[in-house]
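Residue numbers (our numbering): -6 to 384.
Structure below.
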């Protein structure tokens, strides 16, 4: 844990012993009162690992618990170093994955008590995290309960990786179908760039939005970001598309320095892909414009850029969901031409990891902890682990 960037807090009673160890690479801190220090740590760190009795940890954290969407991961390691327990935040906060990583590193037995773990299923509220999907609206508690009861749960997926489906246990209650069915299912999971409203009369349902939509944009010079944002919102609402499913924005390289466009990308944390006029000319579009070609050297900016960005590798014919539309905002200067294309693969905007570790003498039971961690863990520990050690 210390190698992964953990900050280790120790009680005053053993501070002298810690100093005598003389390990300069480990970040040590000494506390007088764990109860007094904990509230600040709760707000600052993503994960807390306690080397205490479980009952003591429960009493310490009880006043601080608010919501599983915001509380940190809580893991308890027994003082004899035999088990690691995922106490709170198993799915959303990542306590289950952190528990497994700690258990592998220290040779402990991981204790995971969530219903999904008992069924060997991924948590529905964290299903899309490895793929960079955006979590949409829905009754997550009701759908999770239906899965835990092993009731039939319909899954309708029209975007994003299906790799997760290949790793389900043989006995699972998911029903993969192409259309919504009401009578044979207890809940529904949508995996789609479409934003579907949910009424109280509907089955419990949740939505994951893979980031597969590329927004092609052309605009007049000095069009402000408020106009560009309004154009995106109007087009997405009119076509029932989820803005959370946007992978990025694409345009012609002449607009690479457009202030309003750069501001939109920065505010939405989206990449901007720029293409030359020659690249855009090579793409067939349904609505070419001779006027645009005379102005910038290509008959299409918005549609062509959206299509090119949506197929960065294969260059196969793209899926243009929304043909170009021109949007103006009353009282504001400038105009925006916008189109939307859907990619075959979702954007995962984080770097991968390459682990180079020894595998030990060769026998499977002698694989090093580092190799087991690289193979099994789904979340890095670096920069988010906070540990308390007590006696």
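Each residue gets a CB set at the ideal place from its N, CA and C atoms; glycine is no exception.
Point to revise | Residue burial classification, residue 269 (beta-carbon count within 10 angstroms, cutoff 16) | key: For the purposes of this step, residue 269 is taken as residue 276 along the chain shown, with counting starting at 1. Classification for residue 269: exposed.
Check your understanding: Opposite residue 313 in the DSSP bridges: which residues?
Key -> Against the chain shown, residue 313 aligns to sequence position 320. Answer is 334.
**Study point:** Which of helix, strand or coil DSSP assigns to residue 92
**Key:** For the purposes of this step, residue 92 is identified with residue 99 of the chain shown, where counting begins at 1. Reduced to three states, the DSSP call for residue 92 is helix.
Exercise for review: Please go through the same chain and pick out, in chain order, the residues whose beta-carbon is closer than 8 Å to the beta-carbon of residue 114, but skip the five residues on each side of it.
Suggested key: By one-based count along the chain shown, residue 114 stands at place 121. For residue 114, where only same-chain residues beyond five positions count, the Cβ hits under 8 Å are 140, 161, 162, 165.
Check your understanding: If you drop the 5 nearest sequence neighbours on each side, which residues of the same chain put their C-beta closer than 8 Å to that of residue 22?
Key -> As a first step, residue 22 is located in the chain shown; it is residue number 29 there, counting from the start. Contacts found: 0, 1, 2, 3.
Practice item. Go ahead and pull the three-state DSSP assignment for residue 216. Key: The residue given as residue 216 occupies position 223 in the chain shown. Coil, per DSSP.
Point to revise | Secondary structure of residue 102, DSSP reduced to three states | key: Locating residue 102 in the chain shown gives position 109, counting from the first residue. Reduced to three states, the DSSP call for residue 102 is strand.
Review point. Would you call the segment 202 to 213 and the segment 248 to 268 touching, i.e. three or more CB-CB distances under 8 Å?
Key: yes
Exercise for review: State the start and end residues of the unbroken alpha helix (DSSP H) segment that holds residue 255.
Suggested key: By 1-based counting over the chain shown, the position of residue 255 is 262. Note, residue 255: alpha helix (DSSP H), 252 to 261.
**Study point:** Sequence ranges, beta strand (DSSP E) only - wholly within the segment 5 to 85, length at least 3
**Key:** 20 to 24, 40 to 44, 66 to 70, 76 to 81
Check your understanding: In terms of alpha-carbon separation, which member of 234, 179, 254 lies closest to residue 215?
Key -> For the purposes of this step, residue 215 is identified with residue 222 of the chain shown, where counting begins at 1. Of the candidates 234, 179, 254, the one whose C-alpha sits nearest the C-alpha of residue 215 is 254.
Review point. Who pairs with residue 156 in a beta bridge, going by DSSP?
Key: Looking up residue 156 in the chain shown gives position 163. Beta-bridge pairing links residue 156 to no other residue.
**Study point:** residue 239 versus residue 124 - alpha carbon distance
**Key:** The count along the chain shown starts at 1 and reaches residue 239 at position 246. The count along the chain shown starts at 1 and reaches residue 124 at position 131. Between residue 239 and residue 124, the C-alpha separation is close to 14 Å.
Review point. When we look at the beta-carbon of residue 296 and count the other beta-carbons within 10 Å, is it buried (16 or more) or exposed?
Key: Position 303 of the chain shown holds residue 296. Buried, because 16 or more other Cβ atoms sit within 10 Å of the Cβ of residue 296.
Check your understanding: Any Cβ of chain B within less than 8 Å of the Cβ of residue 215?
Key -> The chain labelled as chain B is not found in the depicted structure, where only one protein chain is given.
Exercise for review: State buried or exposed for residue 266, treating a residue as buried only when at least 16 other CB atoms are found within 10 Å of its CB.
Suggested key: In the chain shown, counting from the first residue as 1, residue 266 sits at position 273. The residue is buried, with at least 16 neighbouring Cβ atoms inside 10 Å.
Point to revise | Chain-order list of residues whose beta-carbon lies under 6 Å from that of residue 69 (same chain, five-residue window excluded) | key: Locating residue 69 in the chain shown gives position 76, counting from the first residue. Answer for residue 69: 43, 47, 50, 78, 80, listed in chain order.
Check your understanding: Ordered along the chain, which non-local residues of its own chain (more than five positions away) have a Cβ less than 7 Å from that of residue 373?
Key -> Here residue 373 refers to the residue found at position 380 of the chain shown. At residue 373, the pLDDT of 43 sits below 50, so the modelled position is not reliable; the number obtained from the coordinates is stated separately. Cβ neighbours of residue 373 beyond the five flanking positions: none.
**Study point:** residue 140 - containing alpha helix (DSSP H), residue span
**Key:** Residue mapping note: residue 140 aligns to position 147 of the chain shown, counting from 1. Its alpha helix (DSSP H) spans residues 133 to 141.
Review point. Taking DSSP as the reference, what is the three-state secondary structure of residue 205?
Key: Counted from its first residue, the chain shown places residue 205 at position 212. Coil, per DSSP.
Exercise for review: Closer than 7 Å by C-beta to residue 159: which residues in its own chain qualify, once you throw out the five before and the five after it? Chain order, please.
Suggested key: In the chain shown, the residue the question calls residue 159 occupies position 166. Answer for residue 159: no residue qualifies.
Practice item. Check whether the Cβ atoms of residue 83 and residue 105 sit closer than 8 Å, and answer yes or no. Key: Stepping through the chain shown from its first residue, residue 83 is reached at position 90. Stepping through the chain shown from its first residue, residue 105 is reached at position 112. For residue 83 and residue 105, yes; Cβs fall inside 8 Å.
Review point. Taking the DSSP output, what are the residues bridged to residue 242?
Key: By 1-based counting over the chain shown, the position of residue 242 is 249. In DSSP, residue 242 forms a bridge with 208, 265.
**Study point:** Beta bridge counterpart(s) of residue 396 as assigned by DSSP
**Key:** Residue 396 lies beyond the range of the chain shown here (-6 to 384); nothing can be said about it.
Review point. What residues in its chain sit with their C-beta under 7 Å from that of residue 135, if we drop five residues either side in the sequence?
Key: Looking up residue 135 in the chain shown gives position 142. The answer, listed in chain order, is 180, 197.
Check your understanding: When the Cα of residue 60 is compared with those of 73, 273, 36, which residue comes out closest?
Key -> The residue you call residue 60 lines up with position 67 of the chain shown. The shortest C-alpha separation from residue 60 is found at 36.
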